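Below is one structure, written out as structure tokens, with a few remarks after it.
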């Protein structure tokens, strides 16, 4: 083989390696049974009580028992959860059910595995002295919210936000503490406690009261991982479920881990109150602890239908049955 | 009598023929086509998911779909950008004029001028929101701050970088400081101002969009490009996000083209300094 | 010791200027301790007379007494020059590069303050703007003004109280005198050739009817034919209304053809001065004459350092 051919071959080989290297699934290495597998979980917000189960599972050693070395990545104001999962930079993520539908509508193959919060914690938080006791009272106030969120569209479609000035939300309750005309998007078991600790008396208006109730704290992964590594997914779901079961009964250790991971102003007090308050949402009507994380087709179907009606997604772009799989959660103890 | 060597020089303002001007567009179009083709290839070969990089066709489709929203967004953002830019030209020229007249002022103000350049807008914007509220004027204010530095810089230089001969000329004829400012310094500075404007107008668009990240729509009835981009990013809809990106680029280009046109027509005689 | 001498010299100069101004009522431009000042000492009669004289745009004579110009601590650019530029006459300054001719010219124009010594302008009275005109080496036209507007500039700066229409008329007259065509008057400098720009520059210098015209190598960037043409043109304008002219030039032939007096400079000093006895008018015949050649040689020898 002459010099030119060799060069050509080397270039082609290098190009080939480049192609291989660029292929999506990188993070889960191909190790055999018994070896520790690195796994990453992307959170959709700063580490808070809504991610409690994951932190609890890690602290309790559930993941290590299952052979995983789990990295929990906190998110923030604008975490591209879908991109992380789809591109393989994260194996799992925590998000909301309506986000799953939106991601799928945008062409990302994201699938829900379990739903720790049966009822949605989304609420609008206002100060007691703002004078707003009902949804009508929001008129004339300024609402800090994340543009593009499903619940915002829902409230807009219902006309609840008529006369409300919508402005960006940057993840801090400080504006509300200083200004009574500010309303803030919140999770019922998080921000209100933070605001109280900062000295403001607040009241919450639950969006679920108006009929918006997607699953929350949903564990998701990409479809490709389910197809190629179902055992890994099964073990992970099982470990996470155990984490949640522990967190809704004895959250102390999990809260400690959350506090350590949250650089965004979370306090131990707020976490303590919060983790107690979320039990109501995780196990509504005293749902048995074995059923933590369960999902039903009916709820997924009605969510997709509702989002089509709200014009959040175009009809026939998302099949509700593809949004989730309960094969793992229903077979877990 | 004038010597034969002194016949008229070919005028530098002979316009290029229309044909030549049109032909100048062809290389750009070819290059753009090549870029689009390469883009499509990358998406196909690497099988990139649409959330990461949609194909050109998907972006085009999203752009058409969201055309009215993008148009109103461009209008909202563009209005803020133009207002902020115009204010930065006025204020910047004024500050530069003051600084050119007094060495004391120059020494006192210049560090603050540099501060304008270096202060991170991400830190300033929330402060401005607190002081000025979720209003259109806050968006304009942020835009103003971002666009100001190139104007001050270039106009100050223009007001001061005058050939010594011309200054001597004015001295010889006993021109007052005001006359020198009006008839010598300012005409010299026009070219520099235009240079600064070309930089500033692009910054103004960026400023308006970044401001919208913090301020929102500022009371406008429609969402600006910044708000739209935030929303689409949250929703994971990368195709309209890229379409919005192109729209904001076109906005910047439109402003740039306006400045350029202005400088080559109305202001043409102040532009060429020989 | 050197400093004491310097101080004494300065005090002497100041005393001298005080005495002479009290005696003669001349306008002085002198220095004490490096700061320049203008002193006017008139009696009423002289005041009236000089105003009348001024109105007739009479040429002024210029004189230097012990002029020194120093930049920083280096060797002085002008190292003690005492010379006279007679009223209404053309003086050429020739010398090698760096000999200080431009500095001297700028000092005469008032653009450069002397470090020591006096420059005197006669006749008296507060000098009006535009009395001294300067033509730079580059045409120094404002690029955003047409040729006509450039020439109108000194009048617009309020050199005298002419209206806009008068200014336009005067500017056009000067440009025509410089043989610039009507359509060229409305062109911008970048649309004009080098020679045309210099004509505009000359017209601008002359539009204020100055009593002193200083030119710093005005034709250096032009070709020989143009040099001769413009030189003749300038002389013709001078002949119409004689002003005092100081022409700095590299070109010995030009110095010989245009002047009444040639001063040779070297290293900040005037080494020699020649009275120019060539016949007037200075035309082609003169240029090819033997006297011209002899005068030329005299000057160039002086430049080279051989004294005849």
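Chains as they are written, first to last, in the numbering used here: chain A, 1 to 333; chain B, 1001 to 1274; chain C, 2001 to 2308.
The beta carbon of each residue, even a glycine, is placed where N, CA and C say it ideally should be.
Only a predicted model underlies this, so the values are computations on that prediction, with no experimental measurement involved.
Closest by C-alpha distance to residue 1281 (chain B), when choosing among A:219, A:284 and A:165: In the structure as shown, chain B begins at 1001 and stops at 1274. Residue 1281 (chain B) is therefore absent and cannot be evaluated.
Report task. Kindly indicate the opening and closing residues of the alpha helix (DSSP H) around residue 323 (chain A). Result -> One-based indexing of the first chain puts residue 323 (chain A) at position 323. The continuous stretches of alpha helix (DSSP H) do not include residue 323 (chain A), and DSSP gives it neither H nor E.
Problem - C-alpha gap between residue 146 (chain A) and residue 312 (chain A), whole angstroms - result: Here the question's residue 146 (chain A) lines up with position 146 in the first chain. Here the question's residue 312 (chain A) lines up with position 312 in the first chain. Taking the straight line from one Cα to the other gives about 15 Å.
**Q.** Minimum Cβ-Cβ distance from residue 142 (chain A) to chain B less than 8 Å
**A.** Taking the first chain and counting its residues from 1, one reaches residue 142 (chain A) at position 142. So yes, residue 142 (chain A) belongs to the interface.
From C:2289, C:2264, C:2274 and C:2285, residue whose alpha carbon lies closest to that of residue 2304 (chain C): Position 304 of the third chain holds residue 2304 (chain C). Looking at the Cα atoms, C:2264 is the closest of the given residues.
Item to complete: With DSSP as the reference, please indicate the residues paired to residue 2273 (chain C) in a beta bridge.
Response: Within the third chain, the letter at position 273 stands for residue 2273 (chain C). Bridge partners of residue 2273 (chain C): C:2263.
*asked:* 8 Å is my cut-off, CB to CB: does residue 108 (chain A) come that close to chain B?
replied: Walking along the first chain from the start, residue 108 (chain A) turns up at place 108. Yes, residue 108 (chain A) counts as interfacial toward chain B.
- Does the pairing of the stretch 95 to 108 of chain A with the stretch 1047 to 1055 of chain B give three or more beta-carbon distances under 8 Å? Yes, since at least three Cβ pairs between the stretch 95 to 108 of chain A and the stretch 1047 to 1055 of chain B fall closer than 8 Å, the two stretches touch.
key: Cutoff 8 Å: residue 1173 (chain B) Cβ touching any chain C Cβ   = For this step, residue 1173 (chain B) is matched to residue 173 along the second chain. Look at residue 1173 (chain B): its C-beta is under 8 Å from a C-beta on chain C.
task: Could you give the DSSP three-state label for residue 255 (chain A): helix, strand or coil?
output: Within the first chain, residue 255 (chain A) is the residue found at index 255, counting from 1. It is helical.
Distance cutoff 8 Å, beta carbons only. Does residue 86 (chain A) sit that close to anything in chain B?
To locate residue 86 (chain A), count along the first chain from 1; it is residue 86. Taking 8 Å as the CB threshold, residue 86 (chain A) lines the interface with chain B.
Continuous beta strand (DSSP E) stretch holding residue 38 (chain A): start and end: Here residue 38 (chain A) corresponds to residue number 38 of the first chain, with the count starting at 1. 37 to 42 is the span of the beta strand (DSSP E), which, as asked, contains residue 38 (chain A).
- Query: Quick one: what does DSSP say residue 1110 (chain B) is sitting in, helix, strand or coil?
  - Reply: Position 110 of the second chain, counted from the start, is the residue given in the question as residue 1110 (chain B). Helix.
Return the chain-ordered ranges of every beta strand (DSSP E) run that is complete within the stretch 118 to 170 of chain A and spans a minimum of 3 residues.
Given a length threshold of 3 residues, each whole run of the beta strand (DSSP E) inside the stretch 118 to 170 of chain A is given here in chain order: 122 to 127, 142 to 145 and 165 to 168.
Compile a chain-ordered list of the residues in the stretch 1258 to 1269 of chain B whose CB is closer than 7 Å to at least one CB of chain C. Residues of the stretch 1258 to 1269 of chain B whose Cβ lies closer than 7 Å to any Cβ of chain C, in chain order: 1269.
Write down the C-beta distance between residue 50 (chain A) and residue 260 (chain A) rounded to the nearest angstrom, noting that I regard them as a contact closer than 8 Å. Here residue 50 (chain A) is taken as the residue at index 50 of the first chain, counted from 1. Here residue 260 (chain A) is taken as the residue at index 260 of the first chain, counted from 1. At roughly 17 Å, the Cβ-Cβ gap does not stay under 8 Å, so residue 50 (chain A) and residue 260 (chain A) are not in contact.
Can you have a look at residue 2227 (chain C) and say buried or exposed, based on whether 16 or more other CB atoms are within 10 angstroms of its CB?
On the third chain, residue 2227 (chain C) is found 227 positions in, with the first residue counted as 1. Residue 2227 (chain C) is buried by the Cβ-count criterion.
task: Mind checking who residue 222 (chain A) pairs with in its DSSP beta bridge?
output: Position 222 of the first chain, counted from the start, is the residue given in the question as residue 222 (chain A). As computed with DSSP, residue 222 (chain A) is found in a beta bridge with A:110.
- Which residues, in order along the stretch 1226 to 1245 of chain B, keep a beta-carbon less than 7 Å from a beta-carbon of chain A? For the stretch 1226 to 1245 of chain B, which is checked against every Cβ of chain A, the residues closer than 7 Å are 1227, 1230, 1231, 1232, 1233, 1234, 1235, 1236 and 1237.
Self-check item: Cβ contact check for the stretch 321 to 329 of chain A and the stretch 295 to 308 of chain A: 3 or more pairs under 8 Å
Solution: Taking 8 Å as the limit for Cβ pairs, the verdict is that the stretch 295 to 308 of chain A does touch the stretch 321 to 329 of chain A.
Pick from A:250, A:72, A:293 and A:153 that is closest to residue 276 (chain A), judged by C-alpha positions = The sequence position of residue 276 (chain A) within the first chain is 276, counting from 1. Of the listed residues, the one whose Cα sits closest to residue 276 (chain A) is A:250.
- Message: Given a cut-off of 8 Å on the beta-carbon distance, is the pair residue 1084 (chain B) and residue 1147 (chain B) in contact?
- Response: Looking up residue 1084 (chain B) in the second chain gives position 84. Looking up residue 1147 (chain B) in the second chain gives position 147. With contacts defined as CB atoms closer than 8 Å, residue 1084 (chain B) and residue 1147 (chain B) qualify as a contacting pair.
- What residue ranges within the stretch 2069 to 2157 of chain C form continuous alpha helix (DSSP H) runs of no fewer than 4 residues, ordered along the chain? Listed in chain order, the complete alpha helix (DSSP H) runs (minimum 4 residues) inside the stretch 2069 to 2157 of chain C are 2101 to 2109 and 2147 to 2156.
Reference residue 1239 (chain B), options B:1037, B:1062 and B:1130, closest by Cα: Within the second chain, numbered from 1, the residue matching residue 1239 (chain B) stands at position 239. Comparing Cα-Cα distances from residue 1239 (chain B) to each of B:1037, B:1062 and B:1130, the minimum goes to B:1062.
Query raised in the report: Excluding sequence positions up to five away, which residues of its chain have a Cβ less than 7 Å from the Cβ of residue 158 (chain A)?
Result: Start at 1 with the first residue of the first chain, and residue 158 (chain A) comes out as number 158. 210.
ask   = residue 308 (chain A) to residue 314 (chain A), Cα distance in whole Å?
value = Within the first chain, numbered from 1, the residue matching residue 308 (chain A) stands at position 308. Within the first chain, numbered from 1, the residue matching residue 314 (chain A) stands at position 314. About 6 Å.
>> With a threshold of 8 Å between beta carbons, is residue 38 (chain A) in contact with chain B?
In response: Here the question's residue 38 (chain A) lines up with position 38 in the first chain. Residue 38 (chain A) does not count as touching chain B.
Can you pull the chain B residues whose beta carbon is under 9 Å from the beta carbon of residue 80 (chain A), in chain order? Looking up residue 80 (chain A) in the first chain gives position 80. For residue 80 (chain A), the chain B residues whose Cβ falls inside 9 Å of its Cβ are 1051, 1233, 1234 and 1236, in order along the chain.
Tell me which same chain residues have a C-beta within less than 7 Å of the C-beta of residue 1215 (chain B), skipping the five on either side of it?
Sequence index remark: in the second chain, residue 1215 (chain B) carries index 215 (1-based). Spatial neighbours of residue 1215 (chain B) in its own chain (CB-CB distance under 7 Å, excluding positions within 5 residues in sequence) are listed in chain order as 1129, 1134, 1138 and 1139.
Taking the alpha-carbon positions, what's the residue 1244 (chain B) to residue 1064 (chain B) distance?
Along the second chain, one-based indexing puts residue 1244 (chain B) at 244. Along the second chain, one-based indexing puts residue 1064 (chain B) at 64. If you take the alpha carbons of residue 1244 (chain B) and residue 1064 (chain B), they lie about 11 Å apart.
Problem set entry | Element boundaries [beta strand (DSSP E), containing residue 203 (chain A)] | Stepping through the first chain from its first residue, residue 203 (chain A) is reached at position 203. DSSP places residue 203 (chain A) in the uninterrupted beta strand (DSSP E) bounded by 202 to 206.
Inset, instruction - Would you mind sorting residue 1112 (chain B) into buried or exposed? The rule is 16 or more other CB atoms within 10 Å of its CB. - result: By one-based count along the second chain, residue 1112 (chain B) stands at place 112. Here residue 1112 (chain B) is exposed. Its C-beta has fewer than 16 other C-beta atoms within 10 Å.
Exercise for the section: Work out the CA separation of residue 2205 (chain C) and residue 2275 (chain C) for me, nearest whole Å. Expected result: Looking up residue 2275 (chain C) in the third chain gives position 275. Looking up residue 2205 (chain C) in the third chain gives position 205. Cα to Cα, residue 2275 (chain C) sits roughly 26 Å from residue 2205 (chain C).
* Flag residue 2140 (chain C) as yes if its beta-carbon sits less than 8 Å from any beta-carbon of chain B, otherwise no. => One-based indexing of the third chain puts residue 2140 (chain C) at position 140. Taking Cβ atoms only, chain B reaches closer than 8 Å to residue 2140 (chain C), which makes this a yes.
Distance between beta carbons of residue 2208 (chain C) and residue 2154 (chain C), contact taken as under 8 Å = Residue numbering aside, residue 2154 (chain C) sits at position 154 when the third chain is read from its first letter. Residue numbering aside, residue 2208 (chain C) sits at position 208 when the third chain is read from its first letter. About 5 Å separates the beta carbons of residue 2154 (chain C) and residue 2208 (chain C), which is inside the 8 Å limit, making them a contact pair.
* Enclosing alpha helix (DSSP H) for residue 1170 (chain B) [first to last residue] -> The residue labelled residue 1170 (chain B) in the question sits at position 170 within the second chain. 1164 to 1172 is the extent of the alpha helix (DSSP H) around residue 1170 (chain B).
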